[in-house]
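Residue numbers (my numbering), protein chains in the order written: chain V, 1463 to 1582; chain S, 1463 to 1582. Glycine included, each C-beta is placed from N, C-alpha and C at the ideal position.
2 protein chains.
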Amino acid sequence: MEIHYKDKTYFSGKDLALSAIGGRWKIAVIWCLLHDSPLRLSEIQKKLPQANQRMLIRQLRELEEDKIVTRYVYPVVPPKVEYKLSEIGLQLEPVVTSICDWGDEFSVFVEKEANKAPAE
Amino acid sequence: MEIHYKDKTYFSGKDLALSAIGGRWKIAVIWCLLHDSPLRLSEIQKKLPQANQRMLIRQLRELEEDKIVTRYVYPVVPPKVEYKLSEIGLQLEPVVTSICDWGDEFSVFVEKEANKAPAE
DNA sequence: ACTCATAGTGACAAAAAAGTCAGTATTGTT
DNA sequence: AACAATACTGACTTTTTTGTCACTATGAGT
């Protein structure tokens, strides 16, 4: 069950999924768009102040290439561009939710471990 | 709601989660251990032939550091070491499952798109 | 004529991740 | 004495990913 996509070979849906959503800010961007949509670049930037503009644009471009995110350009000046999740993008909701849920549990766990072992 | 862990600062459980499960082979290793446990290194290697031994060991070490995977060393010769998911590791099941599910849908989607646009 | 806002791009540097190859330890078997 | 099996480690190199900085375009408002 080999999948060929963008000059690479994947051996399972899971592998392909990871290559599509694996960027540093992708899950965060998708999370934003699941909660609030459509969003303009400047709005995403406000929601993710740790990421710099260049990176966000790159992540959005890749998500767009993979048809996970759709980009609407309004022909106005100054430019206005809106991003939203495609149909397949919206289906990432369980992925994002389960990661958030586990992450919250894990951060509680990590917190507990830190108190347990008061090293350094 | 800042989380400090291993000299880094995370701004949400999601960020922390991604740093813990974000390695190239981590989801794959966790997937193996969810389906079949405990496993020895040599068994994981057989299940993930694309990964080389050094990488698997590194990913396992990191998962162990984060207490997602537990490592049992039997004091025998030749060495015998078994890996299994910890309690918090087992809780990754919904994450792995949702990624696999979405990945399968995405690979169908990608397949369809490829047929739709017979470029190159 | 100048400035502002928005959404970019290009070229490059730095850092992180992944991959490669050779080598180690132990004890039983041949 | 040499070899096999297992689970590693060290020292690198290569590749990939991130991050930074400077720069562009357009029309409105001053």
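Taking the runs of the beta strand (DSSP E) that are 3 residues or longer, which of them lie wholly in the segment 1514-1561 of chain S?
Counting only runs of 3 or more, we get 1531-1536, 1542-1547.
What in chain S is Cβ-close to GLY1475/V, meaning under 7 Å?
Ordered by position in chain S, the residues that pass the 7 Å Cβ test against GLY1475/V are CYS1562, GLY1565, ASP1566, PHE1568, SER1569.
In whole angstroms, what separates the C-alpha of TRP1564/V from that of VAL1543/V?
33 Å
Does any C-beta atom of chain S lie closer than 8 Å to the C-beta of GLN1507/V?
Closer than 8 Å: no.
Is it buried or exposed for ALA1482/S, if we count other Cβ within 10 angstroms and need 16 for buried?
buried
For ALA1513/S, return the contacting residues in chain V, with the cut-off set at a CB-CB distance below 7 Å.
Ordered by position in chain V, no residue passes the 7 Å Cβ test against ALA1513/S, which lies about 11 Å from the chain.
Cβ of GLN1553/V less than 8 Å from any chain S Cβ?
yes
Along the segment 1518-1531 of chain V, where does the CB come closer than 9 Å to a CB of chain S? Name the residues.
ASP1528, LYS1529, ILE1530
Can you grab the Cα-Cα spacing for the pair GLN1553/S / ILE1506/S, in whole Å?
20 Å
Over what stretch of residues does the alpha helix (DSSP H) that includes LYS1476/V continue unbroken?
1475-1483
So if DSSP puts HIS1466/S in a beta bridge, which residue, or which two residues, is it bridged to?
HIS1466/S has THR1471/S as its beta-bridge partners, per DSSP.
Tell me, which residues are paired with ARG1502/V by DSSP?
GLU1544/V
Taking Cβ to Cβ, would you say GLY1475/V is nearer than 8 Å to CYS1494/S?
no
With DSSP as the reference, label GLU1582/V as helix, strand or coil.
Residue confidence for GLU1582/V is low, a pLDDT of 48 falling below 50, so the modelled location carries little weight; the figure read from the coordinates is stated next. GLU1582/V falls in the coil class under three-state DSSP.
Consult DSSP for GLN1512/S and reduce its assignment to one of helix, strand or coil.
Note: GLN1512/S maps to coil in three-state DSSP.
Taking CB distances under 8 Å as the criterion, tell me whether PRO1580/V reaches chain S.
Output row for PRO1580/V: interface = no.
Going straight from the alpha carbon of ILE1465/S to that of VAL1570/V, what length do you get?
9 Å
Whole angstroms are fine: how far does the CA of LEU1503/S sit from the CA of TYR1545/V?
44 Å
Work out the CA separation of GLU1573/S and MET1517/V for me, nearest whole Å.
Rounded to whole angstroms, MET1517/V to GLU1573/S spans 28 Å at the Cα level.
Just the chain V side, please: which residues come within less than 8 Å of ILE1489/S by C-beta, in chain order?
LYS1476, LEU1480
Verify the CB distance criterion: does ILE1550/V have a CB-CB separation below 8 Å to chain S?
Yes, because at least one Cβ of chain S sits closer than 8 Å to the Cβ of ILE1550/V.
Counting C-beta neighbours from all protein chains within 10 Å, is the total for VAL1535/S 16 or more, i.e. buried, or is it exposed?
exposed
Give me the residue from ASP1528/V, PRO1556/V, TRP1487/V, VAL1557/V with the minimum Cα distance to SER1548/V.
Distance from the Cα of SER1548/V is smallest, within the candidate group ASP1528/V, PRO1556/V, TRP1487/V, VAL1557/V, for ASP1528/V.
Since I believe VAL1557/S is in contact with SER1560/V (beta carbons under 8 Å), could you give me their beta-carbon distance rounded to a whole number of angstroms?
The Cβ separation is near 5 Å, so the contact holds.
Among LEU1501/S, LYS1509/S, ALA1479/S, GLN1512/S, which one has its Cα closest to the Cα of ASP1566/V?
ALA1479/S
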